Amino acid sequence: MSDTDGTWVSLFSGGKDSSWALYQALEDGLEVSRLVTVHPTGDSYMYHVPATALAALAAESTGIPLVDVEPEDFEAADAADSGTQGDDELEPLEAALTELDSELEGGIAGVTAGAVESEYQTSRIQGMCDRLGCELYAPLWQEEPRELADAMLEAGFEIKLIQVAAEGLDESWLGRTLDREAIEELEELHEEYGVHILGEGGEFETLVVDGPHMDRKIDLEYEIEWEGTRGRLRITDAELV
1 MSDTDGTWVS LFSGGKDSSW ALYQALEDGL EVSRLVTVHP TGDSYMYHVP
51 ATALAALAAE STGIPLVDVE PEDFEAADAA DSGTQGDDEL EPLEAALTEL
101 DSELEGGIAG VTAGAVESEY QTSRIQGMCD RLGCELYAPL WQEEPRELAD
151 AMLEAGFEIK LIQVAAEGLD ESWLGRTLDR EAIEELEELH EEYGVHILGE
201 GGEFETLVVD GPHMDRKIDL EYEIEWEGTR GRLRITDAEL V
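Dropping the structure here:
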C-alpha cells in the first residue's frame, strides 16, 4: 500500500514506552506525521488503558497531530480467549491506519511501537504492518530494562506512575516520579516479588509529563483511588504549562 516515500505513524498512549519509541524515531530522523491513540473501554490485552485521554495533551506538546481510535470501535472485543480478543482489538487500529495510509501523501512508510518484551503485542503489530506494507520501528524491543530506564532519565523524560497493580507496589507509588531512586527500589521489588522494572507485565502504568520531544510540560491535579492491592490516579485537571 505504501512506499518508503511516505511518513511514519507513532502508536502513542502518552506512557513512557510509546513516548520513548516516538522520541527515538525522531532522533533517528524519521518523519512522524501522526500519532495514533487507541482508547479501550475496559481491560485490554493489546493497549495501555489508563488516562489515554491525556495523550491529547501530550500530543499537543509534541506538535504532531493526533488520531483517536474510539471505544465504540471495540464492540467485538468480548472474545472468549486472549488470542481472539487481541485480534479483535487490532481491527479498529488497522482500519484507522488503512484510512491514514490512503490519506497521507506517499502513504505510511512505517509504524513505531513501544513494545519491550510482549511477543503477544509485537507479533500482532508486525502482522498488521506486513498487511499494510510498511515497516515496524520498535526500538525498545528486547532491550535490557534497566538500561532503557536509565536512558529515558538521561534523555530528560519526567515519568509519573498513574496506576499500580502488583504485590510490593503500595499506595505511595501513585503519582510518584520514576527517578533513579524509584528504579533502584523497583529492582529490589523485582528480586523480591518479580515486579518488572518497566512494568511490562501490567504492574504499573505511566504518563510522560515532560521530555525532550515535548515543548510544554503536563501539569496534573488528581485524587488517589486505592482498592487495597491496586490503585490509580483519578485526574481531576490537566493542562500544558
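Reminder that position 17 of the sequence shown reads as 17 in full-length UniProt numbering, one-by-one numbering, no gaps. Yeah, the Cβ is synthetic: ideal placement off N, Cα and C, and Gly gets one too. These numbers were taken from a predicted model, which means no experiment stands behind them.
Taking the alpha-carbon of residue i as reference, which of the options has the nearest alpha-carbon?
i	options	result
GLU223	GLU27, MET128, ARG176	ARG176
PHE204	GLU191, LYS217, GLN163, ASP179	GLN163
GLU94	LEU148, GLY156, ARG131, TYR120	ARG131
ARG237	VAL9, LEU57, GLU31	Inspection of the sequence shows that residue 237 is occupied by Asp rather than by Arg. Nearest option by C-alpha distance: LEU57.
GLU105	GLU225, THR7, THR229, GLU117	THR7
GLU181	ILE159, SER33, GLU200, LYS217	ILE159
Let me know if residue i comes out buried or exposed under the rule of 16 or more other beta-carbons within 10 Å of its beta-carbon.
i	result
GLN142	exposed
GLY83	Low confidence applies to GLY83: its pLDDT is 47, below 50, so where it sits in the model is not reliable enough to give any reading.
ASP215	exposed
SER102	exposed
GLU227	exposed
GLY156	exposed
ASP150	exposed
PRO92	buried
TYR45	Summary for TYR45: the model assigns pLDDT 38, below 50, so the residue's position carries little reliability; its value from the coordinates is reported in the next sentence. So TYR45 counts as buried.
ASP210	buried
VAL241	exposed
ASP28	exposed
Suppose the cutoff is 8 Å on Cβ atoms and the five residues either side in sequence are ignored; what does the same chain contact list for residue i look like?
i	result
GLY15	HIS48, GLY114, GLU205, THR206, LEU207, VAL208
ARG146	ILE183, GLU187, ILE197
GLU221	ILE235, THR236, ASP237, ALA238
GLU192	GLY168
LEU97	VAL9, VAL36, ILE108, VAL111, MET128, LEU132
LEU148	TRP20, VAL116, LEU140, LEU198
Under the DSSP definition of a beta bridge, which residues are partnered with residue i?
i	result
LEU240	ILE218
ILE125	Looking at the DSSP assignment, ILE125 forms no beta bridge with any residue, so it has no partner.
TRP226	GLY231
VAL116	Answer by DSSP bridge pairing: none, since VAL116 is not bridged.
ILE64	None, per the DSSP bridge assignment.
GLY110	TRP8, GLU135
Counting only the same chain and skipping the five closest in sequence on each side, list residues whose C-beta sits under 6 Å from that of residue i.
i	result
CYS129	VAL111, LEU136
TRP173	LEU161, VAL164
residue 243	The first residue shown for the chain is 1 and the last is 241, placing residue 243 beyond what the model contains.
So, for residue i: in the same chain, excluding its five sequence neighbours on each side, which residues have a beta-carbon less than 7 Å away from its beta-carbon?
i	result
TYR134	Note that residue 134 corresponds to Cys in the displayed sequence, not to Tyr. Cβ within range, chain order: SER2, ILE108, ALA109, GLY110, VAL111.
ARG230	VAL164, ALA165
PRO212	TYR23, ALA155, GLY156
Q. Mind pulling the beta strand (DSSP E) runs of 3 or more residues that sit fully within the stretch 128-213?
A. Fully enclosed beta strand (DSSP E) runs of 3 or longer: 135-137, 158-164, 204-210.
Q. Which runs of the alpha helix (DSSP H) spanning at least 4 residues fall entirely within the stretch 1-41, listed in chain order?
A. Entirely contained in the stretch 1-41, the alpha helix (DSSP H) runs reaching 4 residues are, in chain order, 16-27.
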